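Okay, structure first, notes after.
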Amino acid sequence: FSLPDGTEVTRNGGGNIPDELLGELTNDVGTLSMANTGLPNTGGSQFFINTNHNEFLDYFDERTPSKHPVFGKVVEGLDILKSIESVQTGPGDKPATPVVMESITIE
Numbered sequence: 052f053s054l055p056d057g058t059e060v061t062r063n064g065g066g067n068i069p070d071e072l073l074g075e076l077t078n079d080v081g082t083l084s085m086a087n088t089g090l091p092n093t094g095g096s097q098f099f100i101n102t103n104h105n106e107f108l109d110y111f112d113e114r115t116p117s118k119h120p121v122f123g124k125v126v127e128g129l130d131i132l133k134s135i136e137s138v139q140t141g142p143g144d145k146p147a148t149p150v151v152m153e154s155i156t157i158e
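Read in order, the letters of the sequence shown correspond to residues 52 to 158 in my numbering.
Rendered as C-alpha cells:
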C-alpha cells in the first residue's frame with residue numbers, strides 16, 4: 052500500500068499475498084476486501100470494509116483492471132460501521148479524531 056506521502060509499503064520487505072479469487076463474491080455492503088495497488092497479487096496487510104456496493108471492484112467485473120478479493124463479511128454491527136463512516140475527516144480523507152476498534156470477533 053502507499054502512505055500519504057507516496058511511500059510504498061510492502062509485506063516482509065517485498066512479499067505480497069496472492070489474490071484468492073474464488074467464486075463470484077461481490078464487494079457488497081459489509082464485506083471485507085483486500086486492499087492492493089490495483090495490480091494482481093499485490094495485497095499486503097491492509098483491508099477495507101465496503102460501505103456501499105462497490106461492484107466495480109469485483110474481479111469478475113470487466114469495467115476496471117483493479118480487482119479486490121472479498122474474504123469476509125460483517126455479520127453484526129453494521130450500525131457501528133455506519134457511525135464510523137460518518138466521522139469528520141481531514142486531509143486525505145483521514146479521520147480528524149482517530150477511530151479505534153477495541154475488539155472484534157472472528158468466526
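No residue lacks a Cβ here, since even glycine has one placed at the ideal position from N, Cα and C.
The structure displayed is predicted, hence computed values, not measured ones.
Starting from the Cα of residue i, find the closest Cα among the options and give me that residue.
{"i": "E75", "options": "T82, D109, E113", "result": "D109"}
{"i": "V126", "options": "G143, E158, E71, F99", "result": "E158"}
{"i": "G66", "options": "S84, E106, S96", "result": "S96"}
{"i": "N87", "options": "F107, K118, D112", "result": "K118"}
Quick check on DSSP: helix, strand or coil for residue i?
{"i": "F107", "result": "helix"}
{"i": "P146", "result": "strand"}
{"i": "L132", "result": "helix"}
{"i": "G66", "result": "strand"}
{"i": "M152", "result": "coil"}
Should residue i and residue j be called a contact, given that it needs their Cβ atoms to be closer than 7 Å?
{"i": "P69", "j": "N92", "result": "yes"}
{"i": "I100", "j": "L73", "result": "no"}
Please list, in chain order, all residues of the same chain as residue i whose beta carbon is under 7 Å from its beta carbon, the five residues on each side excluded.
{"i": "K124", "result": "G81, T82, L83"}
Report all residues from its chain with a CB closer than 8 Å to the CB of residue i; omit the five preceding and five following residues, and keep chain order.
{"i": "A147", "result": "V138, Q139, T140, G141"}
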